[in-house]
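Undergrad: Chains as they are written, first to last, in my numbering: chain A, 1 to 336; chain B, 1 to 336. There's a structure below that I have some questions on.
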DNA sequence: GCATGTCATGTAATTGTTTACATTGCACAT
DNA sequence: ATGTGCAATGTAAACAATTACATGACATGC
């Protein structure tokens with residue numbers, strides 16, 4: 001593998017000149033450039049990016065940490081990130097964290113050690129305090145996770161409010177016994193959505209029934225299992241509010257397997273508006289997060305951080321939208 | 001940010017000693033080790049991994065290139081990769097290629113320039129000849145894409161045979177007018193599956209009707225669009241064979257929207273057995289690829305390549321399985 | 001007491017770039 | 001002729017680690 005020295009020697013110039021040509025510095029004679037380019041061609045020379053990065057402490061790569069590849073919610077966000085990244089000459093790498101805080105640590109170490117220029121994370125397995133401390137030193141944006149009281153660059157929607165809204169929608173349809181599938185309440189995000197549900201019920205002075213709240217993994221299987229448990233426990237309900245579209249899909253499948261029709265027997269709501277939400281049968285009533293916008297905003301923030309700019313505001317709270325589809329059907333009873 | 005020199009100076013030892021401690025070299029006095037560790041702690045020193053990598057030409061990272069994050073098929077494969085990687089001290093990064101061969105090039109450049117130790121690719125936008133040439137020099141494994149005649153490390157199933165099998169299954173159920181949604185036949189993978197369909201029909205001497213073959217994007221929307229086109233063209237058929245589960249889901253949604261029931265009016269088959277295949281309504285009859293195994297095998301191959309071992313065999317062809325579920329229903333007619 | 005071996009540690013080269021600074025050569029004004 | 005300025009190019013340091021080789025201290029055997 002040829003080095004810049006090989007090129008310099010072969011072309012009879014100094015490495016500095018070769019470097020200048022490579023970096024499009026203007027101060028170089030056209031004929032010199034041509035001569036050197038010919039040698040580069042001839043030797044099939046490629047600059048060693050590791051050496052470049054080592055020298056400049058810049059990689060041109062940013063890293064996105066996501067909890068699970070399996071959650072299709074992240075696609076469009078990542079599209080948004082990629083768009084902005086590409087337009088600014090950055091490349092996007094993705095790493096899956098699962099629940100492995102060691103892995104998460106590792107990647108933050110990579111950032112510390114300049115292996116990438118910045119991180120956008122959707123995960124938060126590591127201690128928030130550490131994350132906050134690191135974010136003061138390195139370009140880090142936390143997306144889709146509201147970190148109350150924390151001073152970190154942050155892009156989200158108001159999950160609690162959105163969840164309250166969709167609960168109110170069910171209440172307005174006449175539902176009173178509404179199950180809640182909050183997913184994993186160990187994760188702040190899901191806790192917020194559960195809180196929205198609780199708040200909505202309390203505002204209407206409707207009793208919260210603990211037996212209608214069923215935690216689970218926040219995926220399809222989790223939704224399926226949760227509803228199965230509810231049915232086995234003989235719970236009575238006319239609606240299932242889930243804190244994620246994947247949960248909703250699992251829930252619907254379980255309801256159907258028990259011979260219940262969605263929405264005529266039980267209404268179901270999702271959250272996020274993943275691609276499948278509109279394509280599933282029945283299609284899902286859900287909260288649409290501005291996914292692309294979240295990605296765009298996150299990357300823009302990250303670029304500012306990388307450039308060392310002061311952020312105009314640390315936290316961006318974007319707007320969401322209620323999307324009414326088939327899974328909640330029609331009005332079933334009295335308005336309260 | 002403290003460097004190894006700072007640590008050495010502060011601890012009153014040489015950088016070599018610090019380095020030895022960092023790399024668990026045995027030849028260092030316990031008291032020296034302790035003294036240095038204390039300084040490392042005190043200065044909050046972290047080795048600069050970029051410098052390490054630059055020096056050693058090893059990164060401990062491998063890269064997985066996938067065409068689209070949106071295709072849930074890759075999750076479990078990546079699980080398998082991650083398992084083996086983790087067990088061997090490697091970390092997995094993922095990059096999405098879309099249809100951007102520049103991006104693909106970029107990442108292969110990264111490999112050339114030692115920014116990662118190896119690549120497993122599910123994509124093949126770049127010229128196969130170049131890929132083959134590179135794979136002779138660098139650790140590269142091509143997964144899920146059969147590259148006929150190419151001499152590259154490769155892990156796949158026999159797509160054509162699997163597709164022939166599932167077509168035969170439909171034929172055995174009595175179907176004669178079977179649509180085929182091959183997805184994007186520009187991609188070899190889908191071409192192979194289409195060929196399997198064609199072969200099965202020809203073996204039974206059933207006429208291939210071009211109007212029943214409808215190319216599209218290889219995703220949910222593509223499947224939806226393709227069936228819509230077939231219906232609008234007033235095509236007559238009793239089954240739809242798709243070359244991907246996402247296509248199948250789109251197809252089912254479109255059929256249902258036209259008032260057709262799956263499977264009683266039209267049978268539908270998928271391919272891949274993504275998570276959703278068993279959870280969709282109706283659940284999908286499909287070809288189960290040994291996803292985890294594909295991941296494991298791919299990573300094992302890559303490790304051998306990184307270690308510079310000669311591979312026992314370049315190509316691994318793994319076995320698949322037909323999974324019968326609801327979307328194909330029961331026997332509808334005469335056996336041919 | 002001296003040669004030899006072993007162990008812990010130090011010295012300094014090395015890796016491939018970039019870049020601040022130095023140098024050279026030339027044109028032009030004086 | 002000579003000084004000045006500028007453009008093109010060269011020189012060499014710097015980046016932060018690893019590691020081959022060197023060194024020094026001490027123990028051991030004769």
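Each residue gets a CB set at the ideal place from its N, CA and C atoms; glycine is no exception. Model, not experiment: these values are computed from the prediction.
Strictly under 8 Å for the Cβ-Cβ distance: is residue 135(A) near chain B by that measure?
TA: no
Undergrad: Between the beta-carbon of residue 118(A) and the beta-carbon of residue 306(A), is there less than 8 Å?
TA: Contact flag set, yes.
Undergrad: Which one of 46(B), 143(B), 242(B) has the shortest CA to CA distance from residue 182(B)?
TA: 242(B)
Undergrad: So, is the C-beta of residue 275(B) closer than 8 Å to a C-beta in chain A?
TA: Chain A places a beta carbon closer than 8 Å to that of residue 275(B), counting this residue as a contact.
Undergrad: Could you please give the first and the last residue of the uninterrupted beta strand (DSSP E) stretch that includes residue 143(B)?
TA: For residue 143(B), the enclosing beta strand (DSSP E) stretches over residues 140-143.
Undergrad: Examine chain B for any beta-carbon lying closer than 8 Å to the beta-carbon of residue 5(A), and answer yes or no.
TA: no
Undergrad: How would you list, in chain order, the residues of chain B whose beta-carbon sits under 7 Å from the beta-carbon of residue 72(A)?
TA: 70, 72
Undergrad: Should residue 299(B) be labelled buried (16 or more other beta-carbon atoms within 10 Å of its own) or exposed?
TA: buried
Undergrad: If you measure beta-carbon to beta-carbon, which residues of the segment 102-123 of chain A are closer than 9 Å to chain B?
TA: 103, 106, 107, 109, 110, 112, 113, 114, 115
Undergrad: So is residue 385(B) in contact with chain A if we call contact Cβ pairs under 8 Å?
TA: Nothing about residue 385(B) can be reported from this structure: the residues present for chain B run from 1 to 336 only.
Undergrad: With H, G and I counted as helix, E and B as strand and the rest as coil, what does DSSP make of residue 343(A)?
TA: This structure cannot speak to residue 343(A), because chain A is shown only from 1 to 336.
Undergrad: Does the beta carbon of residue 96(B) sit closer than 8 Å to a beta carbon anywhere in chain A?
TA: yes
Undergrad: Could you pull out every residue in the same chain whose Cβ sits closer than 6 Å to the Cβ of residue 260(B), ignoring the five residues on either side in sequence?
TA: 266
Undergrad: On the criterion of 16 or more Cβ atoms from any shown chain inside 10 Å, does residue 129(B) qualify as buried, or is it exposed?
TA: exposed
Undergrad: In chain A, which residues lie less than 8 Å from residue 256(B) when you measure between Cβ atoms?
TA: 281
Undergrad: Between the segment 196-203 of chain B and the segment 317-325 of chain B, are three or more C-beta pairs nearer than 8 Å?
TA: No, they do not touch.
Undergrad: Taking DSSP's pairing of strands, which residues face residue 285(A) in a bridge?
TA: 269(A)
Undergrad: To which residues does DSSP link residue 155(B) through a beta bridge?
TA: Answer by DSSP bridge pairing, in chain order: 143(B), 316(B).
Undergrad: Using 8 Å as the threshold, is the segment 47-56 of chain A in touch with the segment 86-103 of chain A, meaning 3 or more CB pairs across them?
TA: Touching, no.
Undergrad: Using CA atoms only, rank isn't needed, just tell me which of 209(A), 211(A), 226(A) is closest to residue 217(A).
TA: 226(A)
Undergrad: Please list the partners that residue 28(B) has in chain A, where partner means a Cβ-to-Cβ separation under 7 Å.
TA: Per Cβ cutoff of 7 Å: no residues; residue 28(B) is ~23 Å from chain A at best.
Undergrad: Per the contact definition of three or more C-beta pairs closer than 8 Å, is the segment 250-260 of chain A in contact with the segment 134-153 of chain A?
TA: no
Undergrad: For residue 123(B), I'd like the list of residues in its chain whose CB is within less than 7 Å of its CB, leaving aside the five on either flank, ordered along the chain.
TA: 65, 66, 67, 97, 104
Undergrad: In whole angstroms, give me the CA-to-CA distance for residue 20(B) and residue 113(A).
TA: 19 Å
Undergrad: Counting only C-beta atoms, is residue 351(A) closer than 8 Å to chain B at any point?
TA: Absent from the model: residue 351(A). The displayed extent of chain A is 1 to 336, so no value can be given.
Undergrad: Would you mind telling me which residues of chain A sit closer than 8 Å to residue 157(B), beta carbon to beta carbon, in chain order?
TA: Chain A residues near residue 157(B): none, gap ~21 Å exceeds 8 Å.
Undergrad: Beta-carbon of residue 53(A) versus every beta-carbon of chain B: anything under 8 Å?
TA: yes
Undergrad: Okay, do the segment 170-184 of chain A and the segment 225-240 of chain B touch, 3+ Cβ pairs below 8 Å being the bar?
TA: no
Undergrad: Return the bridge partner residues of residue 96(B) from the DSSP annotation.
TA: 66(B)
Undergrad: Rounded to whole angstroms, what's the CA-CA distance from residue 195(B) to residue 164(B)? Just pull it up for me.
TA: 8 Å
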